[in-house]
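Visitor:
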Amino acid sequence: MCILNQQYKYTVSLESRSLITGLLFLSLSLATHVTAKETVTYEKLAPILAEKCIMCHSGNNAAAELRLDSYDSLLKGSAKGSIVKAGDPAASELLRRLKGTSQPRMPMTGPPFLSDSQIALFEDWITNGMKRGAVTKLEKPAKQQPLRPKPGEPVSWQHVAPIFATRCAKCHTDGGLMGNAPEDYRLTSYTATLATGDRVRVVPGQPKASELLRRIRGQAKPRMPFDGPPYLTDDEIVLIEDWIAQGSRDTDGQAAPVPTGARVRLHGTLGTDWQLDGLHLDVRSGTRIDKSPRPGDYVQVRGRLDSSGSIIVERLRRR
Ligand code: HEC
Ligand code: HEC
């Protein structure tokens with residue numbers, strides 16, 4: 621036994637000094653890793669917040685009245701209160717939103733959402749009592765320069781999402797300013813914005829058939845945002861119009877399918893030859909026409925989208 625042991629030791633020391641050096645190095649780097657984990661501070665989160673969050677969570681129009689552009693404002697929380705609970709990531713709304721256990725998942729421009737290792741940083745930070753670090757305020761938010769497509773690049777969800785998030789989602793969400801989402805319409809994610817459930821408000825490829833565009837232009841009333849003026853700027857309206865015209869692309873630049881058969885409900889001014897502010901209406905013998913609408917009248921149109929993309933009108937009514 622004793623001999624065996626000695627032999628073993630002998631072999632080891634002869635064979636691999638490098639192994640021992642390696643082990644030493646490994647334990648050193650493990651130690652560094654553990655230390656790094658223990659000292660996650662706001663400073664370490666700042667670059668992620670700056671890149672992914674403050675375009676919506678900063679300034680006077682901050683989404684959910686939550687500002688993430690300084691340590692103090694993050695700790696202060698949203699209109700609903702605190703979003704972090706020291707030592708308890710699972711009970712922290714911040715972490716729940718990052719993981720998607722609370723909806724809508726953040727960042728609202730996602731997918732992509734944060735990577736697992738980025739989320740782990742936030743988790744460690746909360747677990748360890750939310751330390752400040754040297755940087756406690758972020759540079760002027762990217763908000764000053766809104767995200768716009770580069771020349772030749774199509775408009776995608778990430779370009780329009782900040783507008784919906786800061787100007788619309790405070791009402792068009794569950795438990796927003798008006799309680800339930802008005803008209804059961806949520807503007808909190810790509811999927812929700814394009815949802816086809818009861819009817820469509822965005823028809824990919826067809827801005828004029830999209831009630832959303834009619835509302836932000838004021839062709840359909842009440843004009844949106846409901847708490848305007850101020851309404852959206854011309855630049856923002858054109859951006860959203862282009863987004864719809866180019867097929868309402870997602871963050872990967874993938875155009876949305878046309879929701880053939882979906883219901884629409886539009887408001888606008890009737891023109892001659894069955895047009896609604898320039899949108900051709902397919903009025904057929906079966907169309908129900910109420911209150912004898914005439915050109916120049918404000919009307920409501922209900923119908924369906926056929927496979928060619930036109931609106932087959934089921935009901936046309938003067939308002
Ligand atoms: C495109 C705009 C946008 C981006 C980007 C964004 N958010 Fe949000 N965020 C919102 C909106 C709008 C809400 C309110 C929607 C709701 O709760 O229904 C919200 C809500 C939240 C809430 C919940 C607040 C509460 O008390 O209910 C948290 C936490 C949050 N965001 C964190 C983040 C973090 C962290 C990031 C970055 C990783 C981020 N958000 C990125 C728009 C955005
Ligand atoms: C202050 C709350 C509020 C804000 C902010 C707001 N809305 Fe609305 N929205 C409403 C209400 C209320 C209605 C229902 C109004 C009606 O038609 O009587 C509505 C209706 C709509 C409709 C019609 C839905 C349908 O099914 O026909 C659309 C589209 C819409 N809003 C889009 C937007 C957009 C886009 C924004 C942001 C630019 C926005 N809203 C901002 C409150 C709001």
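Per my numbering, the very first residue in the sequence shown carries number 621; after that it's consecutive.
Using N, Cα and C, we set each Cβ at its ideal position, and we do this for glycine too.
Since we're looking at a predicted model, the values are computed, not measured.
#1: For I931, which residues does DSSP report across the bridge?
#2: Does the region 848–862 come into contact with the region 832–840, if we say contact requires no fewer than three beta-carbon pairs (one atom in each stretch) closer than 8 Å?
#3: Throw me the rounded Cβ distance for the G881 and R914 pair, which I believe falls under 8 Å.
#4: With 16 as the cutoff for other CB atoms within 10 Å, does D847 come out buried or exposed?
#5: Could you check what DSSP says for H677 in three-state terms: helix, strand or coil?
#6: Quick check: does the Cβ of C788 come within less than 6 Å of any heavy atom belonging to ligand 1?
#7: Going by the beta-carbon positions, is the gap between A666 and A684 smaller than 7 Å?
#8: Kindly indicate the opening and closing residues of the beta strand (DSSP E) around T889.
#9: Look up D910 in the DSSP assignment and say whether it is helix, strand or coil.
#10: Does G888 have its Cβ less than 7 Å from a Cβ in chain C?
#11: So for T661, helix, strand or coil by DSSP?
#12: Which runs of the alpha helix (DSSP H) fall wholly inside the region 788–822 and span at least 4 residues, in chain order?
#13: What is the residue span of the alpha helix (DSSP H) that I860 lies within?
#14: Would you say L797 and C788 are within 7 Å of each other, going by their C-beta atoms?
#15: Rank A865, A801, I703, P845 by C-alpha distance to the C-alpha of S776 and give the top, closest one.
#16: Just checking D736 against ligand 2 - is the residue's beta carbon closer than 6 Å to any of the ligand's heavy atoms?
#17: Quick one: what's got a C-beta closer than 8 Å to P769's C-beta in the same chain, skipping five residues either side?
#18: To the nearest whole angstrom, what separates the beta carbons of F742 and L715, a pair I think is in contact under 8 Å?
#19: Inspect the beta-carbon positions of I674 and L686 and report whether they are closer than 7 Å.
#20: Judging by CA-CA distance, which residue of A710, S702, P727, A711 is the nearest neighbour of I668?
#21: Out of P724, K672, R922, T659, which one is the CA nearest neighbour of T808?
#22: Should G730 be labelled buried (16 or more other beta-carbon atoms within 10 Å of its own) or exposed?
#23: Report the option in L890, E663, R939 whose CA atom is closest to the CA atom of E759.
#24: Kindly give me the distance between the Cβ atoms of K828 and L899, rounded to whole angstroms, as I take these residues to be in contact under 8 Å.
#25: In chain order, what residues of the same chain lie with their CB nearer than 6 Å to the CB of K672, ignoring the 5 residues before and after it?
Guide: Looking at the coordinates:
#1: L901, L925
#2: yes
#3: That pair is no contact at about 30 Å.
#4: exposed
#5: coil
#6: no
#7: no
#8: 883–889
#9: strand
#10: No chain C is part of this structure, which consists of one protein chain only.
#11: strand
#12: 810–813
#13: 854–865
#14: no
#15: A865
#16: no
#17: V775, S776, H779
#18: 6 Å
#19: no
#20: P727
#21: P724
#22: buried
#23: E663
#24: 4 Å
#25: P727
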